[in-house]
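Colleague: My questions all concern the structure below.
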Amino acid sequence: QLQLQESGSGLVKPSQTLSLTCAVSGGSISSGGYSWSWIRQPPGKGLEWIGYIYHSGSTYYNPSLKSRVTISVDRSKNQFSLKLSSVTAADTAVYYCASYFMVQGVMDYWGQGTLVTVSS
Amino acid sequence: QSALTQPASVSGSPGQSITISCTGTSSDVGSYNLVSWYQQHPGKAPKLMIYEGSKRPSGVSNRFSGSKSGNTASLTISGLQAEDEADYYCCSYAGSSTNVVFGGGTKLTVL
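As given, the protein sequences belong to chains A and B, one line each in that order.
FYI, the numbering for the first sequence is 1 to 120, going by the numbering used here.
FYI, the numbering for the second sequence is 1001 to 1111, going by the numbering used here.
Structure, rendered in structure tokens:
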């Protein structure tokens, strides 16, 4: 059973870049069929898909965030990362990483989430 | 504004059944049998409850069921229990450009 754990800075200044990492255990990040995704949830609001990276390295991003998002994979560390540039207060949210099994369109394993606050 | 439309709230008494709707378009829910439903308790990560419209992952109670008709997917919870009180989100694949869309979420209150 996969386990995912987010880590990174919990406080980011406006206009700077948010950086988070998701460590995957219980399986290989190179497993065929799986993609690795990021989802966020502003306080008191709903879920928003940010994007995912396929095991091949192909990336797919939410069109509304595409210009600011980069998702990458570090296979040697069995982890993947999120970078979101030019952040504003609107990017304050709990950020979740999740495994995404594309064939079935499901995010079946989730991290516990990490709160990122954008504030000076 | 979310891509998929859900009612903001629903409620029911213990033992009753409730249904949460998730309305999309012919570009997402209507075109793909890739609708999933997630349960989220306060302060917790979402949990997969239904996938491919009507399939239950191992360990999910058979009180949870899913269906789809046209551009609308539905989640039904029968025999409501206090532990079912949570937020529920639908999610659909939406093609290669938009990819993944969520509903705005529905708060279920067990009276």
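A virtual CB, placed ideally from N, CA and C, is assigned to each residue, including glycine.
Within 10 Å of its beta-carbon, does residue 62 of chain A have 16 or more other beta-carbons around it, so buried, or fewer, so exposed?
Modeller: The residue you call residue 62 of chain A lines up with position 62 of the first sequence. Answer is buried; the Cβ neighbour count reaches 16.
Colleague: Does the beta carbon of residue 33 of chain A come closer than 8 angstroms to any beta carbon on chain B?
Modeller: Locating residue 33 of chain A in the first sequence gives position 33, where the first residue counts as 1. False, the Cβ-Cβ gap to chain B never drops below 8 angstroms.
Colleague: Between residue 1017 of chain B and residue 1043 of chain B, what straight-line distance do the alpha-carbon atoms span, to the nearest angstrom?
Modeller: In the second sequence, counting from the first residue as 1, residue 1017 of chain B sits at position 17. In the second sequence, counting from the first residue as 1, residue 1043 of chain B sits at position 43. Whole-angstrom Cα-Cα distance: 25 angstroms.
Colleague: Output yes if chain A places a C-beta closer than 8 angstroms to the C-beta of residue 1108 of chain B; else output no.
Modeller: Indexing the second sequence from 1 puts residue 1108 of chain B at position 108. No, no contact with chain A.
Colleague: Is it true that the stretch 1040-1056 of chain B meets the stretch 100-108 of chain A, where meeting means three or more beta-carbon pairs spaced less than 8 angstroms apart?
Modeller: With the cut-off at 8 angstroms, the stretch 1040-1056 of chain B and the stretch 100-108 of chain A touch.
Colleague: List the residues of chain B that residue 26 of chain A touches, going by C-beta distances under 7 angstroms, in chain order.
Modeller: Here the question's residue 26 of chain A lines up with position 26 in the first sequence. By Cβ distance, chain B contributes nothing, its closest Cβ being about 16 angstroms from residue 26 of chain A, past 7 angstroms.
Colleague: With DSSP as the reference, label residue 88 of chain A as helix, strand or coil.
Modeller: Counting from one through the first sequence, the residue named residue 88 of chain A turns up at place 88. Residue state, collapsed to three classes: coil.
Colleague: Taking Cβ positions, are residue 26 of chain A and residue 1105 of chain B nearer each other than 8 angstroms?
Modeller: One-based indexing of the first sequence puts residue 26 of chain A at position 26. One-based indexing of the second sequence puts residue 1105 of chain B at position 105. No.
Colleague: Could you name the residues of the same chain whose beta carbon sits closer than 6 angstroms to that of residue 1089 of chain B, not counting the 5 residues immediately before and after it, in chain order?
Modeller: For this step, residue 1089 of chain B is matched to residue 89 along the second sequence. Here the set comprises 1038, 1102, 1103, 1105.
Colleague: Checking contacts by CB at 8 angstroms: is residue 1088 of chain B closer than that to chain A?
Modeller: Taking the second sequence and counting its residues from 1, the one referred to as residue 1088 of chain B is at position 88. With 8 angstroms as the cut-off, residue 1088 of chain B does not count as an interface residue toward chain A.
Colleague: Taking the continuous alpha helix (DSSP H) assigned at residue 1106 of chain B, which residues delimit it?
Modeller: Locating residue 1106 of chain B in the second sequence gives position 106, counting from the first residue. From DSSP, residue 1106 of chain B is part of no alpha helix (DSSP H) but of the beta strand (DSSP E) over 1106-1110.
Colleague: Under 7 angstroms between beta-carbons, which chain B residues line up against residue 96 of chain A? List them in chain order, please.
Modeller: Within the first sequence, the letter at position 96 stands for residue 96 of chain A. Chain B residues near residue 96 of chain A: 1045.
Colleague: If you measure from the beta carbon of residue 1071 of chain B to each beta carbon in chain A, is any gap under 8 angstroms?
Modeller: Taking the second sequence and counting its residues from 1, the one referred to as residue 1071 of chain B is at position 71. No - not a single Cβ of chain A is within 8 angstroms of the one on residue 1071 of chain B.
Colleague: Which residues bound the beta strand (DSSP E) around residue 1092 of chain B?
Modeller: Numbered from 1 along the second sequence, position 92 holds the residue referred to as residue 1092 of chain B. Here the beta strand (DSSP E) through residue 1092 of chain B covers 1086-1093.
Colleague: For residue 1057 of chain B and chain A, any beta-carbon pair shorter than 8 angstroms?
Modeller: Numbered from its first residue, the second sequence carries residue 1057 of chain B at position 57. For residue 1057 of chain B, the answer is yes, since a Cβ of chain A falls inside 8 angstroms of its Cβ.
Colleague: In chain B, what lies closer than 9 angstroms to residue 104 of chain A by C-beta?
Modeller: Translated into positions along the first sequence, residue 104 of chain A becomes position 104. In chain order: 1034, 1036, 1051, 1052, 1055.
Colleague: Helix or strand or just coil, what does DSSP make of residue 17 of chain A?
Modeller: In the first sequence, residue 17 of chain A corresponds to position 17, counting from 1. The answer is coil: DSSP assigns residue 17 of chain A none of H, G, I, E or B.
Colleague: Beta-carbon separation of residue 35 of chain A and residue 100 of chain A under 8 angstroms?
Modeller: Along the first sequence, one-based indexing puts residue 35 of chain A at 35. Along the first sequence, one-based indexing puts residue 100 of chain A at 100. A contact, by the Cβ cut-off of 8 angstroms.
Colleague: Helix, strand or coil for residue 56 of chain A? Go by DSSP, reduced to three states.
Modeller: Here residue 56 of chain A is taken as the residue at index 56 of the first sequence, counted from 1. It is coil, neither helix nor strand.
Colleague: On the DSSP letters alone, give me the boundaries of the beta strand (DSSP E) that residue 137 of chain A sits inside.
Modeller: Any property of residue 137 of chain A remains undetermined from this structure, which presents chain A solely from 1 to 120.
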